[in-house]
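Heads up, the thing below is written out as structure tokens.
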Amino acid sequence: LALFFYLTVPAFSQLPARDTSNPAYRWADSVYQSLSPDERIGQLVIARLSSIDLKTRKVTFYDSLLNEMVRQYNIGGICLFQGSPVIQAGMVNSLQAKAKTPIMISMDAEWGVGMRLLDSVIPLPKQMMLGAMGYDSLVYAYGRVVANQCRRMGIQLNYAPVVDVNNNPNNPVINDRSFGEDKYKVARYGIQYMKGMQDDSVMACAKHFPGHGDVSVDSHYDLPVINKTIVQLD
Numbered sequence: 001l002a003l004f005f006y007l008t009v010p011a012f013s014q015l016p017a018r019d020t021s022n023p024a025y026r027w028a029d030s031v032y033q034s035l036s037p038d039e040r041i042g043q044l045v046i047a048r049l050s051s052i053d054l055k056t057r058k059v060t061f062y063d064s065l066l067n068e069m070v071r072q073y074n075i076g077g078i079c080l081f082q083g084s085p086v087i088q089a090g091m092v093n094s095l096q097a098k099a100k101t102p103i104m105i106s107m108d109a110e111w112g113v114g115m116r117l118l119d120s121v122i123p124l125p126k127q128m129m130l131g132a133m134g135y136d137s138l139v140y141a142y143g144r145v146v147a148n149q150c151r152r153m154g155i156q157l158n159y160a161p162v163v164d165v166n167n168n169p170n171n172p173v174i175n176d177r178s179f180g181e182d183k184y185k186v187a188r189y190g191i192q193y194m195k196g197m198q199d200d201s202v203m204a205c206a207k208h209f210p211g212h213g214d215v216s217v218d219s220h221y222d223l224p225v226i227n228k229t230i231v232q233l234d
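The working numbering puts the first residue of the sequence shown at 1, with every later residue one more than the last.
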């Protein structure tokens, strides 16, 4: 639920015991109780703000549709894609002002918001380059830089870092988005990236299933099949 975005804890850590004296919990409970069943379902929906025609590079915004979804269904989240950062930030502010409950704004910003905002934001180095550098502190600092970019756009959740282990040379979809082929380095750097973002008030999302680095087809266009034993998956 977008309503509970501030309850997210660092990945791989144990969820803390519920502190009912915490005003944030009390606020969340009171707002949740005020929602209808349909509105609670709406809180589970994340809709995209825009799309792009890859041939013409024309961006289409769905702000009118999202205004209606916020008004009618009280949707919980919006994911930003291509388009001007200034225009999108304005739309986010407008939608937030109309929402009954705060909207969780997210983006795939693995190498910064330039991953999506190709027209006006310089992208940062991809994760494979970070993995090749070999400095944990640099990855942590990178996470903080990405978080700063996200906050300027009103983004609370970044769908990053990629924690897939890049152990298939024929992989057409992960490759340089991974920290590398060493599972320990991938885990260590992934945690540093997440800590950097979370220390700058942006939530992280470790993705995808780690085995996605061992596919030979692009999952956006076909269904990859990974034949592994339980021991290998572990």
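Note that the Cβ used here is the ideal one computed from N, Cα and C, for glycine as well.
{"Asked": "Which residues DSSP lists as bridging Ile78, in chain order", "Found": "Ala47, Ile105"}
{"Asked": "Rounded C-alpha distance that separates Leu1 from Ala97", "Found": "Unreliable placement is indicated for Leu1, whose pLDDT of 34 sits below 50; no coordinate value is reported for it."}
{"Asked": "Residue(s) in a DSSP beta bridge with Gly154", "Found": "According to DSSP, Gly154 bridges with nothing at all."}
{"Asked": "Gly112 - DSSP class collapsed to helix/strand/coil", "Found": "strand"}
{"Asked": "Per DSSP, the bridge partner or partners of Phe61", "Found": "Ser50"}
{"Asked": "Rounded separation between Asn22 and Leu35 - CA only", "Found": "21 Å"}
{"Asked": "Assumed close pair Tyr140, Gln192 - CB separation to whole angstroms, cut-off 8 Å", "Found": "4 Å"}
{"Asked": "Sufficient close CB pairs (3 or more, under 8 Å) joining the stretch 196 to 213 to the stretch 158 to 174", "Found": "yes"}
{"Asked": "Candidates Leu54, Asp199, Ser106: closest to Arg48 by CA position", "Found": "Ser106"}
{"Asked": "Alpha carbon of Val9 to alpha carbon of Asn171, nearest angstrom", "Found": "Model confidence at Val9 stands at a pLDDT of 40, short of 50, so the residue's coordinates are unreliable and nothing is read from them."}
{"Asked": "Identity of the residues DSSP links to Lys207 by a beta bridge", "Found": "Val162"}
{"Asked": "Integer-rounded CB distance, given that Asp63 should sit under 8 Å from Met91", "Found": "5 Å"}
{"Asked": "Residues of its chain near Leu118, where Cβ-Cβ distance is below 8 Å and the 5 sequence neighbours each way are ignored", "Found": "Gln82"}
{"Asked": "Segment contact, 8 Å Cβ cut-off, at least three pairs: the stretch 123 to 135 with the stretch 73 to 89", "Found": "no"}
{"Asked": "Glu181, DSSP secondary structure in three states", "Found": "coil"}
{"Asked": "Cβ-Cβ distance between Asp218 and Asn148 below 8 Å", "Found": "no"}
{"Asked": "Nearest-angstrom Cα separation, counted from Val162 out to Asp176", "Found": "10 Å"}
{"Asked": "CB contact flag (Gly77, Met104, <8 Å)", "Found": "yes"}
{"Asked": "Outcome for Val70 when other beta-carbon atoms lying within 10 angstroms are tallied against a minimum of 16", "Found": "buried"}
{"Asked": "C-alpha distance - Tyr142 paired with Ala132, whole-angstrom precision", "Found": "14 Å"}
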